[in-house]
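**Student:**
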Amino acid sequence: MIPWLVGVALAMQMLDSNMVASALPAMGLALGVTPVSLNVLITAYVLAVAIFVPISSWTADRFGAKRVFLWAIALFVLGSVCCAVSQTLGQMVASRILQGLSGAMMVPVGRIILLHTVPRQDLLKAISFLSVPALVGPVFGPPLGGLLVTYLSWHWIFLINIPIGILGIVMVRRHIVEVRPDTAPRLDFLGFLLLAFCMASLVICMEAVSHGSLSASAVAGLAAAGVACAWFYRGHSRRVAEPLIDLDLLKTPSFAISVLGGSVSRFVVGATPFLLVMQLQVGMGYSPLMAGLISLSGAMGALVMKSMATRILGRFGFRNVLQTTSLITGVTIAACATFTASTPIWLMVSILLVSGFFRSLMFTAVNSLAYADIDSANMSRANGFATMATQVGISLGVGIAAAALNLSTLLRGAASLALVDVMVGYVVIGVACAASSLAFRKLDPHAGHALLSQDKD
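In terms of this note's numbering, the sequence shown opens at residue 1172 and continues consecutively.
1. With DSSP run on the structure shown, which of helix, strand or coil describes Ser-1478?
2. Buried or exposed: His-1617, going by 16 or more other Cβ atoms within 10 Å of its Cβ?
3. Quick one: complete alpha helix (DSSP H) runs, 4+ long, within the region 1481 to 1517?
4. Counting Cβ pairs closer than 8 Å, one from the region 1459 to 1474 and one from the region 1193 to 1204, do we hit at least three?
5. By the DSSP assignment, the alpha helix (DSSP H) with Ser-1551 in it spans what residues?
6. Short check: CB of Ala-1541 to CB of Ser-1429, under 7 Å?
7. Output needed for Leu-1241: all residues of its chain with C-beta closer than 8 Å, excluding positions within five of it in sequence on either side, in chain order.
8. Determine the direct distance from the alpha carbon of Glu-1378 to that of Phe-1611, and round the result to whole angstroms.
9. According to DSSP, simplified to helix, strand and coil, what is Ala-1378?
10. What separation, rounded to the nearest whole angstrom, lies between the Cα atoms of Leu-1318 and Leu-1614?
11. Taking Ser-1429 as part of the alpha helix (DSSP H), name the residues at either end of that continuous run.
12. For Thr-1259, name the three-state secondary structure that DSSP assigns.
13. Here's the rule I'm using: 16 or more other beta-carbon atoms within 10 Å means buried, otherwise exposed. How should Gly-1564 be labelled?
14. Do Ala-1442 and Ile-1600 come within 7 Å of each other at the CB atom, strictly closer than that value?
15. Tell me which residues share the same chain as Asp-1544 and place their Cβ nearer than 6 Å to its Cβ, disregarding the 5 neighbours each side in the sequence.
16. Judging by CA-CA distance, which residue of Leu-1385, Ala-1192, Leu-1415, Ala-1401 is the nearest neighbour of Leu-1358?
17. So, for Asp-1628: in the same chain, excluding its five sequence neighbours on each side, which residues have a beta-carbon less than 6 Å away from its beta-carbon?
18. Buried or exposed: where does Thr-1214 fall if 16 or more other Cβ atoms within 10 Å of its Cβ makes it buried?
19. Which two residues bound the contiguous alpha helix (DSSP H) that contains Asp-1592?
20. Quick test of the definition: if touching needs 3 or more C-beta pairs under 8 Å, does the region 1528 to 1535 touch the region 1488 to 1503?
21. Cα-Cα, which of Met-1185, Leu-1181, Pro-1206 is closest to Val-1453?
22. With H, G and I counted as helix, E and B as strand and the rest as coil, what does DSSP make of Gly-1619?
23. Among Ile-1328, Gln-1562, Leu-1218, which has the Cα closest to the Cα of Met-1183?
24. To the nearest angstrom, report how far apart Ile-1222 and Val-1256 are at their CA atoms.
25. Should the region 1552 to 1570 be called in touch with the region 1363 to 1382, which here means at least 3 C-beta pairs below 8 Å?
26. Please say whether Ser-1372 and Leu-1385 have beta carbons closer to each other than 7 Å?
27. So Ile-1333 and Ser-1251 are in contact, right, with Cβ under 8 Å, and what is the actual spacing, rounded?
28. Over the uninterrupted alpha helix (DSSP H) stretch that includes Gly-1392, give me the two end residues.
29. What are the boundary residues of the alpha helix (DSSP H) that Arg-1357 is part of?
30. Going by DSSP, what residue range makes up the alpha helix (DSSP H) through Leu-1330?
31. Closest by CA to Leu-1366, which one among Leu-1218, Val-1435, Val-1595, Ser-1188?
32. My guess is that Leu-1420 and Phe-1556 are in contact by the Cβ rule of under 8 Å, so how many angstroms apart are they, rounded?
33. When the distance is taken between beta carbons, is Ser-1273 closer than 7 Å to His-1315?
34. Give the C-beta separation of Val-1350 and Gly-1485 to the nearest angstrom, bearing in mind that I take them to be a contact with Cβ-Cβ under 8 Å.
35. I'd like the list of long-range same chain contacts for His-1287, defined as Cβ closer than 8 Å, with 5 residues on each side in sequence excluded.
36. Less than 7 Å between the C-beta atoms of Val-1595 and Ser-1607, yes or no?
Written as structure tokens, this is what we have:
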């Protein structure tokens, strides 16, 4: 029962994240803004997740995992309601930040509840069950979002969370016991503030460059402040006993390459759904439902790969797999730039299927490699670091894609988006993903070998 309850809450979050892109054109029409400018709804959500994930474990220890999990679900539902009733872009962005804050607490706190309440002999099965929501979102999110937008309205991609959330709250209160240690570790509050401002300034600068919302001097000043915060955090993390994000983990080569190279390759995760919506709905005139069904093919490719990843990694090794998959993923993403209204649907589906296949293998490898040489004492810190870096990479991917679209439109002297602008976005993201292979090239040929040996045992 407990894995099912936690899984349903996570599925609600994953579905919401994957449905939003399908509704961007409809929301833009309702809010009186261009669909491209609504990339901020994705980046705001992901940025909020990146900022608050590092303090999720402390929050659970300080206030109790069950209580935090309940509040996370309740705030996510509240954020969904606020999104549905938003009348301006500013209101919508604030609502998405609230969703991101609550979403940042759901996944790690849900894992904590499982680790402390499920019998050890059932733990592997329970943790494996949590991978299902991660697959449900990408598979069912785009077509479900397209269905709701096509036959109801964009508001329903948020309103659908209300009954799910209420049911989750009732069931969690009834079936999950409180999990709370006797003492909670001290929160590195200064470190949290420095990291939060650093990440926020980075994303805000990207948004400002993309949409021209700030002057060049303001962007430069904000970027300088963000760099200064990063520099101050570097010194601060060396002085405190338990830093929020332990930068010494980057001294482990496999972890450093996995996090840094993986962050660049994850531009694809944030950018591809956004670019597909701009291309299929805005550029080609497909309905949200049809666009969602076409997008589904990428997730299907990822599903096919799930059962094969371990064997492929065992045969070719992490280094070779990551170099190859980052290149192929980059090429297939760039190939999406060739899609036009006359491109057969079967060809688009085929390219997206292949891209999803290799993208899934790439992320399976990079996610596993991050922990290959990390000892058990530092595993929790490494998880927080890697999770934060993942969210920042996704957020930057959306921002870079939007900046490429707007810059292309500006250089053409056009007033609105065209397919050629989306082509530029695909090429930029594809090149970035392919370039991450240069980082993976620095891996030791035997990196991650211990993981494969354990799997055989």
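We treat Cβ as the ideally placed atom computed from N, Cα and C, and that holds for glycine. Computed from a predicted model, the values in this text were never measured in an experiment.
**Tutor:** Considering the structure as presented:
1. Coil, per DSSP.
2. His-1617 comes out exposed.
3. Complete alpha helix (DSSP H) runs here, min 4: 1489 to 1506.
4. The count of Cβ pairs closer than 8 Å, one atom from the region 1459 to 1474 and one from the region 1193 to 1204, reaches three, so the stretches are in contact.
5. Segment 1550 to 1583, the alpha helix (DSSP H) holding Ser-1551.
6. A distance below 7 Å separates the beta carbons of Ala-1541 and Ser-1429.
7. So the qualifying residues of the chain are Ile-1340, Val-1343, Arg-1344.
8. If I take the Cα positions, the gap works out to 29 Å.
9. Position check: residue 1378 holds Glu in this sequence, whereas Ala was assumed. Look at Glu-1378 here: in three-state DSSP terms it is helix.
10. Rounded to the nearest angstrom, the two C-alpha atoms are 44 Å apart.
11. Going by DSSP, Ser-1429 is part of the alpha helix (DSSP H) stretching over 1424 to 1436.
12. Reduced to three states, the DSSP call for Thr-1259 is coil.
13. Buried: at least 16 other Cβ atoms inside 10 Å.
14. For Ile-1600 and Ala-1442, yes; Cβs fall inside 7 Å.
15. If the five residues before and after Asp-1544 are omitted, its C-beta is found closer than 6 Å to the C-beta atoms of Thr-1423, Ser-1425, all from its own chain and listed in chain order.
16. If we check each option's Cα against that of Leu-1358, Leu-1415 comes out closest.
17. Any answer about Asp-1628 is weak, because its pLDDT of 47 lies below 50 and its placement is not dependable; what the coordinates show is given next. There are no such residues.
18. Classification for Thr-1214: buried.
19. Run containing Asp-1592: 1590 to 1611, per the alpha helix (DSSP H) assignment.
20. Taking 8 Å as the limit for Cβ pairs, the verdict is that the region 1488 to 1503 does touch the region 1528 to 1535.
21. Sorting Met-1185, Leu-1181, Pro-1206 by C-alpha distance to the C-alpha of Val-1453 places Pro-1206 at the top.
22. Annotated three-state conformation of Gly-1619 is coil, per DSSP.
23. Of Ile-1328, Gln-1562, Leu-1218, the residue nearest in Cα terms is Ile-1328.
24. Ile-1222 and Val-1256 have their C-alpha atoms roughly 25 Å apart.
25. The region 1552 to 1570 is in contact with the region 1363 to 1382.
26. Contact flag unset, no.
27. The Cβ separation is near 7 Å, so the contact holds.
28. Gly-1392: member of the alpha helix (DSSP H) spanning 1387 to 1410, first to last residue.
29. Per DSSP, Arg-1357 is not a residue of any alpha helix (DSSP H), being assigned neither H nor E.
30. Where Leu-1330 is concerned, the enclosing alpha helix (DSSP H) stretches over 1327 to 1330.
31. Residue Leu-1218 is the option with its Cα nearest to Leu-1366.
32. Rounded, the Cβ-Cβ distance is 6 Å, consistent with contact.
33. In the sequence as displayed, the identity of residue 1315 is Leu instead of His. The answer is no: Cβ separation not under 7 Å.
34. About 36 Å separates the two Cβ atoms, so there is no contact after all.
35. Close CB contacts of His-1287 within its chain, under the 8 Å cut and outside five residues either way in sequence, are with Ala-1236, Val-1350 (chain order).
36. No; because the gap between Cβ atoms is not below 7 Å, this pair is not in contact.
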